[in-house]
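Trainee:
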Amino acid sequence: MSEPFAAGADPWLPQPVRVLRRTQETADTFTLWLDVANGGFSFAPGQFNMLYLFGVGEVPISISGDPNQTHALVHTIRAVGSVTTPMQRLKRGDTVGVRGPYGAGWPVDQAFGKDVIVIAGGLGIAPLRPVVYELVRQRGRFRNVTLLYGARSPADLVYRKEVARWEKKLDGRVHVTVDHAEADWVGPVGVVPALLDKVSIDTAATVAMICGPEVMMRFTARALANRGLPGDRMFVSMERNMKCALRFCGHCQYRESFLCRDGPVLRFDRISSLLDRREL
Amino acid sequence: MTDAPMTKSTRLGERALLSRDRFARLLQVLRQDGFQLVGPTVRDGAIVHESISGIEDLPEGWTESQDAGTYRLRRRDDRALFGYSVGPQSWKPFFFVPTLQLWRARRRDGSFVVLEKTRSAPLLALIGARSCDLHAIAIQDKVFLEGPSVDQEYLARRSGTFVVAVHCGQAGGTCFCTSLGTGPRATLGFDLALTELLDDKGHRFVVGIGSESGAQVLERVGYEEAPRADLEAAEAIVARTAAQMGRTMNTDGIKELLYRNAEHPRWDDVASRCLACTNCTLACPTCFCSSVDDVTDLAGEQAERVQRWDSCFTMDHSYLHGGSVHASIKSRYRQWLTHKLASWIDQFGTSGCVGCGRCITWCPVAIDITQEVAAIRASDPG
Amino acid sequence: MENLERLLHEHEFLKGFSEAHVALIVACAKNLRFEAGEFLMREGGDANTFFLLRVGRVALEVHVPGRGTLQMESVGPGDVLGLSWLVPPYRVNLDARAVEPVVALAFDGACLRGKISKDHDLGYELVLRLYEKTVQRLDHVRLQRLDVYQAP
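Protein chains in written order, with the numbering used here: chain A, 798 to 1077; chain B, 123 to 504; chain C, 173 to 324.
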């Protein structure tokens, strides 16, 4: 893990960084490229930054760029709250504050020599994209690599060009489904677990990485467990309220795990009994 | 506490005797050394920790009666200076301050500049610190100083702190430090530790030395050698205190007990009483949750971030995607108690509770965590 | 073994079906092809066919006035299509359209119902598998209904 990127010795200080580029992904989702060419920025897939909008506030956003490329920091953000909504107005040349990277990322090295299934629900594809870049870049170190991606509707799909490119690089093992669609959609319609039913899995040598809304991850992990995939080879990315990312504020606790430090990626068998508990 | 070379005459752990006058002098020597004294004083019907000037500010002749949801100051029939147990607040607010500006930022050239805070932390001398509260300080040290990041403000305020501890001469109505192994005898975190003796031989203190800094200060204050009878009397007092605890808590396997009883009906029971008023988290010496507010001036040119105490009993604490994960009081109470007594052990290697009893005393509806744990244990399916 | 019987045996829905039971129902079956855009079933029509899909994706859709045609679910190779043929009023509840070229084993509903009423063991095997598929579909549809990707 790289040194935390913050201005000064005080880990609370955000580093001002300029927006290089901004693109609109869907109606409420956009991607920012941040200029970190001076000094670079390295991170592990699955990590996140705290992004600060001047005078408004700070939010944890997963890093969704290529870990092999360190001069621009990429974040895909959905406008859902009091900070991410005004962030939509950021354009090239504007400044955001950055602190990070934080958190434990996806265990790519535990998948060497094995099949990998990457399962993304909704914007869960954002923290998984760095993993897919790695899996494609180091293709030879893995056996079969499969990507399953579910979204609400075709209009909500992000990274469409890249997903199409990955399909070629991963021998066609990319399947995209939507919850509902209009008549012109020719792909599958239905939930991610339904897509999963169609994928053959060698339970003895597969690692699964799942990210999406908690309900979706729970159903998906359960479906995988029912198929016989052991819980110590399934990984999910959990989310809770986060204020500091420094293990000080206590908000991000998931029973004994501090998600900013022990997570957000957690091994499924360590939390499988917790996922079924209400209001944990 | 520092690691200076040993003085000749006061080796660590040796017991000396201070007269009441010499104890008064000890406080002035610390002030002369540049320490700001913080200690107990009577205010607003309670014994609170504040800046004090000397022995005259201490709660001489005062004690309290405490029970679940009850705290009353009472007059003693003697002039003991430390004849009480614990007041509503520990030492926490001096190190982990309730509100703190973390940084300021200012717009500049289409960007902004973050201005790091210049810190000026006072040098503190804690007077009359109890063992439970010293364990609590050690527990908070783990949170703020020994984790992935170091809290700079906490570090600045903790550095150089001088601690005059007191071994408790009486247990409070809600005390249960013996159940957690955190008292009543102070064993860590002090420079000097006193046992107050007040009888026909006079008002005096047996002094234990906990560090070289403590030894050096004692050298300058002056002391006598403690007579054997006084040493024995001091031991007896502390032993008596240990036997007088107002509460007990069986902590055997408590982590597993609470982990496996997340759906125990007792949580519904306590939830029907709990108001989520956050008193317990405010009074608790180890609770460390905080939140931040980002604010600007009216023109939007200057921004600052302010950290403040927070509580897991609020709805906001677990806000996520438009709602609270811990929407019910039941889930918040369960979160707090499970964290305090169970998850804390996995996170930091010790219990988060020091048995000070404040959460019991200061709960407006008299919820007693020792009773809650006992109830769960009594009908634990195992 | 006839070619059609072999196709039945190979279909994952009939995994574990005895040869005797396959032989009983093969008479009700045909191997059909559909072009992309063709409908296998229409809403409101008689439910008289039970499909075992072999190739290609089928969209289950509904036309809503003012909103247009909405795809609610899709099924594909290995899946079943058609649940209403088994129970009255034998009415189809949604449109099933081939999204791409589809090949399916199509069973005449009346024929199948006749075989089942005479041979309850056959009925048990068939209906148990249908039940399993239905439970799975219900689980999926419930999750789908939660609309988990919507904005908070």
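Where is the CB? At the ideal position from N, CA and C, for every residue including glycine.
Source: prediction; values computed, not measured.
Can you tell me which of B/E494, B/T483, B/P503 puts its alpha carbon nearest to the alpha carbon of B/C297?
Mentor: As a working note, residue 297 of chain B is residue 175 in the second sequence. Of the listed residues, the one whose Cα sits closest to B/C297 is B/T483.
Trainee: Consult DSSP for B/E378 and reduce its assignment to one of helix, strand or coil.
Mentor: As a working note, residue 378 of chain B is residue 256 in the second sequence. Of the three classes helix, strand and coil, the one that applies to B/E378 here is helix, per DSSP.
Trainee: Can you confirm whether the stretch 212-221 of chain C touches the stretch 933-952 of chain A when touching is taken to mean that 3 or more C-beta pairs between the two stretches lie within less than 8 angstroms?
Mentor: The answer is no - the stretch 212-221 of chain C does not touch the stretch 933-952 of chain A, with fewer than three Cβ pairs under 8 angstroms.
Trainee: With distances taken from CA atoms, which of A/H1048, A/G1025, A/D1059, A/A1042 is nearest A/V1033?
Mentor: The residue labelled residue 1033 of chain A in the question sits at position 236 within the first sequence. Looking at the Cα atoms, A/D1059 is the closest of the given residues.
Trainee: Would you identify the three-state DSSP class for C/M173, choosing helix, strand or coil?
Mentor: Counted from its first residue, the third sequence places residue 173 of chain C at position 1. Interpretation of C/M173 is limited by its pLDDT of 48, a score under 50 that renders its predicted location unreliable; no figure is taken from the coordinates.
Trainee: Does the distance from the CB of B/A227 to the CB of B/E357 come in under 9 angstroms?
Mentor: Residue mapping note: residue 227 of chain B aligns to position 105 of the second sequence, counting from 1. Residue mapping note: residue 357 of chain B aligns to position 235 of the second sequence, counting from 1. Not in contact: B/A227 and B/E357 (Cβ atoms no closer than 9 angstroms).
Trainee: Measure how close the beta-carbons of A/T1017 and A/I1007 come, nearest whole angstrom, since I'm counting them as under 8 angstroms.
Mentor: One-based indexing of the first sequence puts residue 1017 of chain A at position 220. One-based indexing of the first sequence puts residue 1007 of chain A at position 210. Indeed they touch by this definition, with Cβ atoms about 5 angstroms apart.
Trainee: From the DSSP output, which residues share a beta bridge with A/A980?
Mentor: Position 183 of the first sequence holds residue 980 of chain A. The partner list for A/A980 (beta bridge, DSSP) is empty, contrary to what the question assumes.
Trainee: Do the stretch 309-327 of chain B and the stretch 367-387 of chain B touch if we need at least three Cβ pairs shorter than 8 angstroms?
Mentor: Contact between the stretch 309-327 of chain B and the stretch 367-387 of chain B is absent, because fewer than three Cβ pairs lie under 8 angstroms.
Trainee: Output the distance between the C-alpha atoms of A/V975 and A/L945, rounded to the nearest integer angstrom.
Mentor: Residue 975 of chain A sits at position 178 when you count from the first residue of the first sequence. Residue 945 of chain A sits at position 148 when you count from the first residue of the first sequence. Taking the straight line joining both Cα atoms gives about 11 angstroms.
Trainee: Once DSSP output is grouped into helix, strand and coil, what is the label at B/F298?
Mentor: On the second sequence, position 176 is the one that residue 298 of chain B refers to. B/F298: coil per DSSP, three-state reduction.
Trainee: Using a Cβ-Cβ cutoff of less than 7 angstroms, which residues in the same chain neighbour C/G240 once the five nearest sequence positions on both sides are dropped?
Mentor: Numbered from its first residue, the third sequence carries residue 240 of chain C at position 68. Once the five neighbours on either side are set aside, C/G240 has no close Cβ partner at all.
Trainee: Counting pairs of beta carbons, one from the stretch 324-335 of chain B and one from the stretch 141-148 of chain B, are three or more of them closer than 8 angstroms?
Mentor: Yes: at least three Cβ pairs fall under 8 angstroms.
Trainee: Assuming contact is defined by CB atoms lying nearer than 9 angstroms, are A/S839 and A/R926 in contact in what I supplied?
Mentor: In the first sequence, the residue the question calls residue 839 of chain A occupies position 42. In the first sequence, the residue the question calls residue 926 of chain A occupies position 129. No, Cβ-Cβ distance for A/S839 and A/R926 is not below 9 angstroms.
Trainee: Between B/L203 and B/V428, is the Cβ-Cβ spacing less than 9 angstroms?
Mentor: Sequence index remark: in the second sequence, residue 203 of chain B carries index 81 (1-based). Sequence index remark: in the second sequence, residue 428 of chain B carries index 306 (1-based). Contact: no.
Trainee: Along the stretch 985-1018 of chain A, what residues have a CB closer than 9 angstroms to any CB found in chain C?
Mentor: Listed by position, the residues of the stretch 985-1018 of chain A near chain C (Cβ gap below 9 angstroms) are P985, V986, G987, V988, V989, P990, A991, D994, K995, G1009, P1010, E1011, V1012, M1013, F1016.
Trainee: So what does DSSP say about B/E334, is it helix, strand or coil?
Mentor: Start at 1 with the first residue of the second sequence, and residue 334 of chain B comes out as number 212. B/E334: helix per DSSP, three-state reduction.
Trainee: Is DSSP giving B/P215 helix, strand or coil here?
Mentor: By 1-based counting over the second sequence, the position of residue 215 of chain B is 93. In this structure, B/P215 counts as helix in the three-state DSSP scheme.
Trainee: Find out if the Cβ-Cβ distance for the pair C/H193, C/R226 is shorter than 9 angstroms.
Mentor: In the third sequence, residue 193 of chain C corresponds to position 21, counting from 1. In the third sequence, residue 226 of chain C corresponds to position 54, counting from 1. No, they are not a contact pair.
Trainee: Taking only beta carbons into account, state which residues of the stretch 224-248 of chain C come closer than 8 angstroms to chain A, listed in chain order.
Mentor: Listed in sequence order: R229, A231, L232, E233, G240, T241, L242, Q243, M244, E245, S246, G248.
Trainee: Does the count of Cβ pairs from the stretch 364-381 of chain B and the stretch 286-297 of chain B closer than 8 angstroms reach three?
Mentor: At 8 angstroms Cβ cutoff, the stretches touch.
Trainee: Here's the rule I'm using: 16 or more other beta-carbon atoms within 10 Å means buried, otherwise exposed. How should A/A834 be labelled?
Mentor: The residue you call residue 834 of chain A lines up with position 37 of the first sequence. Label assigned to A/A834: exposed.
Trainee: What span of residues does the alpha helix (DSSP H) with B/A277 cover, start to end?
Mentor: Locating residue 277 of chain B in the second sequence gives position 155, where the first residue counts as 1. The sequence shown places Leu at residue 277 of chain B, not Ala. Here the alpha helix (DSSP H) through B/L277 covers 274-280.
Trainee: DSSP three-state call for A/E1011: helix, strand or coil?
Mentor: In the first sequence, counting from the first residue as 1, residue 1011 of chain A sits at position 214. Helix at A/E1011.
Trainee: Look at the alpha carbon of B/V164 and the alpha carbon of B/A497, and state the distance between them as a whole number of angstroms.
Mentor: Counting from 1 along the second sequence, the entry for residue 164 of chain B is found at position 42. Counting from 1 along the second sequence, the entry for residue 497 of chain B is found at position 375. About 36 angstroms.
Trainee: Would you mind giving the Cβ-Cβ distance between B/C402 and B/C481, rounded to the nearest angstrom? I have them listed as a contact below 8 angstroms.
Mentor: On the second sequence, residue 402 of chain B is found 280 positions in, with the first residue counted as 1. On the second sequence, residue 481 of chain B is found 359 positions in, with the first residue counted as 1. Yes, they are in contact, since the Cβ atoms of B/C402 and B/C481 sit about 4 angstroms apart, within 8 angstroms.
Trainee: DSSP state of B/T283, grouped into three classes?
Mentor: Residue numbering aside, residue 283 of chain B sits at position 161 when the second sequence is read from its first letter. It is coil, neither helix nor strand.
Trainee: Identify each residue in the stretch 911-930 of chain A for which the Cβ-Cβ distance to at least one residue of chain C is less than 8 angstroms, and report them in chain order.
Mentor: Listed by position along the chain: G918, G919, L920.
Trainee: What did DSSP end up calling B/P503 once you bin it into helix, strand or coil?
Mentor: Sequence index remark: in the second sequence, residue 503 of chain B carries index 381 (1-based). Coil, per DSSP.
Trainee: What does B/Q274 reach in chain A if we use C-beta pairs closer than 9 angstroms?
Mentor: Taking the second sequence and counting its residues from 1, the one referred to as residue 274 of chain B is at position 152. Residues of chain A passing the Cβ test: A806, D807, P808, W809.
Trainee: Checking contacts by CB at 9 angstroms: is B/L381 closer than that to chain A?
Mentor: Sequence index remark: in the second sequence, residue 381 of chain B carries index 259 (1-based). Note on residue identity: the sequence assigns Tyr, not Leu, to residue 381 of chain B. Closer than 9 angstroms to some Cβ of chain A, the Cβ of B/Y381 qualifies, so yes.
Trainee: Closer than 7 angstroms between beta carbons: that is the criterion. Which residues of the stretch 297-316 of chain C meet it against chain A?
Mentor: Cβ contacts with chain A: H312, L315, Q316.
Trainee: Hey, how far is the Cα of B/G232 from the Cα of B/E423?
Mentor: Locating residue 232 of chain B in the second sequence gives position 110, counting from the first residue. Locating residue 423 of chain B in the second sequence gives position 301, counting from the first residue. Cα to Cα, B/G232 sits roughly 11 angstroms from B/E423.
Trainee: Pick out whichever of C/D293, C/D311, C/V313 has its Cα sitting closest to the Cα of C/L196.
Mentor: If you number the third sequence from 1, residue 196 of chain C lands on position 24. Looking at the Cα atoms, C/D293 is the closest of the given residues.
Trainee: Give a yes or no on whether 9 angstroms exceeds the smallest Cβ distance from A/A1022 to chain C.
Mentor: Within the first sequence, the letter at position 225 stands for residue 1022 of chain A. With 9 angstroms as the cut-off, A/A1022 does not count as an interface residue toward chain C.
Trainee: In terms of alpha-carbon separation, which member of B/A190, B/F435, B/G479, B/A500 lies closest to B/C254?
Mentor: Locating residue 254 of chain B in the second sequence gives position 132, where the first residue counts as 1. Measuring from the Cα of B/C254, the nearest candidate turns out to be B/G479.
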